[in-house]
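*Asks:* Can you read through this structure? Questions will come right after.
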Amino acid sequence: MRKHQLIVPLAVLAALSVPAHAEDRDISRDTLPVNDGWAAYGPGTTGGSAADDAHVFTVSDRAELVRALDGGSDTPKIIRIAGTIDANTDDDGHHLDCADYATDGYSLKKYLAAYDPRTWGAAKPSGPQEEARQASAARQTERVVLNVGSNTTIVGLGSSAVLKGASLQVKNANNVIIRNLELRDAYDCFPVWQPNTGGLGDWKTAYDTLWLNGATHVWVDHITASDKGHPDAKEPTYFARNYLRHDGLLDITGGSDLITVSWSRFADHDKAMLIGNGDTATGDRGKLRVTLHHNEFESVVQRAPRVRFGQVHVYNNRYAVEDGHRYSLGVSTESALYAENNAFHTPGHIEAADLVKSWNGTALHQTGTLFNGYPVDLLAIHNAYNSGSERDLTADVGWTPTLHTKIDSAERADREVARGAGAGRIP
Ligand code: CA
């Protein structure tokens, strides 16, 4: 603090006072604990903890948040989110819905008529409706994509901070902390039809709730990310495919590295967490080192996570699988997934063999897995029941994690994560 300062900022007073309740503790200047996962590597992760008093912001609407983010600058800064912020708002704070973004004559009805595979065929959409869709989508992107720069901490205040409709993006930035925040419903108003995806074609959406792209030293802790309000399962089917509105909850791509994701909840979503987004992205080799611990994946269809290239330590996580589940752990090209002491809960018809899927993967290390309360060996089960297109996986992923704090039994982690993961639950 500066000398002779007469007025003590409230934030400093709050930090000095003894909290009456744990949730009143000021977490703004916390840094990642020593050894707590890959983000602790080397200099560790300190986010905006070195911010001067002029760069500690409390924001309660989109305009204030955008000002505080400062165009993704690398000035050390702490951004504290108070209450609910809606990213789909104009500069005066008025809510914008999909119709407000639509321009150049775009309408879903006309779009569906123009690119119906029975008349349009399998060519990529082009022409007036696709151009209008792109122009409309650009208007939404300009509102909802929020760039987070280096040396930044974003925390929710208290137990009810929500960022709604946004795609938070940490792109080519270093040293970022995001904690105690609910990220909700990064809803795409303008999905694009991709006729050549997966044989049947598919709807492709634009926004990850949180996207780490070329990001290093990032600590994500006690966040809750979900599609709350707009579950994709409730969306209609067009061209015989679910009209998806959401992309990833937390995607980690583009050479991102040294990431710790802890005590967070990922819920009510299709594709939760993609680590490495392409088999040909060989620049990701040696990167994508990620630790996931004490997280809850609840009612997630797939990608919890799906991994390419990275050394990924997945320990003490809790999975509550529900109907519609496809797989949890995805073993893809050159991935080195090290899974320890995770607990899975499934409805009776979803079996342990459904928890792991591989595409071009060669290895998976797993120990201490609990399946509906019973110990199982996911690797042995995968190799015994895998489908014709999948090959057997070995247990040798070529590395042993050393950066981690205490590893609990799956049983204990299961209980503690159910109680303690997610926003508003920092002890
Ligand atoms: Ca994505």
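Each residue of the sequence shown is one higher than the one before, counting from 593 in the working numbering.
Cβ atoms here follow ideal geometry from the backbone N, Cα and C, with glycine treated the same way.
Keep in mind that this is a model prediction, so the values were computed, not measured.
(1) Mind checking whether the beta-carbon of residue 866 lies closer than 7 Å to any heavy atom of ligand 1?
(2) I'd like to confirm the pairing. Which residues does DSSP put opposite residue 834 in its beta bridges?
(3) Do residue 794 and residue 838 come within 8 Å of each other at the CB atom, strictly closer than that value?
(4) DSSP three-state label for residue 658, please.
(5) By the three-class DSSP mapping on this structure, what secondary structure does residue 950 have?
(6) Could you check if residue 809 is buried or exposed, using at least 16 other CB atoms within 10 Å of its CB as the buried criterion?
(7) Using a Cβ-Cβ cutoff of less than 6 Å, which residues in the same chain neighbour residue 641 once the five nearest sequence positions on both sides are dropped?
(8) Can you list, in chain order, the residues of its chain with a C-beta nearer than 6 Å to that of residue 674? Leave out the 5 residues immediately preceding and following it.
(9) Quick check on residue 691: buried or exposed, where buried means 16 or more other Cβ atoms within 10 Å of its Cβ?
(10) Below 8 Å between beta carbons: does that hold for residue 747 and residue 775?
(11) DSSP three-state label for residue 1005, please.
(12) Given a threshold of 16 other Cβ atoms within 10 Å of its Cβ, counted over all protein chains shown, does residue 974 qualify as buried or as exposed?
(13) Whose CA, out of 931, 785 and 711, lies closest to the CA of residue 904?
(14) Please name the residue or residues paired with residue 936 in a DSSP beta bridge.
(15) Which full runs of the alpha helix (DSSP H) of 4+ residues lie inside the stretch 641-705, going along the chain?
(16) Whole angstroms are fine: how far does the CA of residue 985 sit from the CA of residue 818?
(17) Nearest-angstrom Cα distance between residue 1006 and residue 657?
(18) I want to know whether the stretch 629-638 touches the stretch 791-807 - three or more CB-CB distances under 8 Å.
(19) So, helix, strand or coil for residue 975, using DSSP?
(20) Could you round the C-beta distance between residue 619 and residue 771 to whole angstroms and report it? I think they count as a contact, below 8 Å.
(21) I think residue 740 touches residue 762, with their Cβ atoms under 8 Å apart; what is that distance to the nearest whole Å?
(22) Please list, in chain order, all residues of the same chain as residue 682 whose beta carbon is under 7 Å from its beta carbon, the five residues on each side excluded.
(23) Going along the chain, which residues of its own chain have a beta-carbon closer than 6 Å to the beta-carbon of residue 728, five neighbours each way excluded?
(24) For residue 654, is the classification buried or exposed, using 16 other Cβ atoms within 10 angstroms of its Cβ as the cut-off for buried?
(25) Within its chain, find whatever has a CB closer than 7 Å to the CB of residue 937; leave out the 5 residues flanking it on each side and keep chain order.
(26) So, using beta-carbon positions, are residue 811 and residue 744 closer together than 8 Å?
(27) Starting from the C-beta of residue 758, find all residues in its chain whose C-beta is less than 6 Å away, skip the five residues before and the five after it, and write them out in chain order.
(28) What residues in its chain sit with their C-beta under 7 Å from that of residue 614, if we drop five residues either side in the sequence?
(29) My understanding is that residue 1008 touches residue 962, with C-beta atoms under 8 Å, so please give their C-beta distance in whole angstroms.
*Replies:* Quick answer:
(1) yes
(2) 829
(3) no
(4) When DSSP states are grouped into helix, strand and coil, residue 658 belongs to the helix group.
(5) strand
(6) buried
(7) 621 and 623
(8) 650, 652 and 749
(9) Taking every protein chain shown into account, the CB of residue 691 has fewer than 16 other CB atoms within 10 angstroms, so this residue is exposed.
(10) no
(11) helix
(12) Classification for residue 974: buried.
(13) 931
(14) Answer is 911 and 963.
(15) 654-661 and 690-693
(16) 31 Å
(17) 35 Å
(18) no
(19) helix
(20) 6 Å
(21) 5 Å
(22) 688
(23) 693, 694, 695, 698 and 782
(24) Sixteen is the threshold: when 16 or more other Cβ atoms of the shown chains lie within 10 Å of the Cβ of residue 654, as they do, the residue is buried.
(25) 911, 912, 913 and 964
(26) no
(27) In chain order, 679, 736 and 738 place their CB closer than 6 Å to the CB of residue 758, counting only its own chain and leaving out the 5 sequence neighbours on each side.
(28) Because residue 614 carries a pLDDT of 46, less than 50, the predicted location of this residue cannot be relied on, and no value is offered for it.
(29) Actually they are not in contact, since the Cβ atoms of residue 1008 and residue 962 sit about 14 Å apart, beyond 8 Å.
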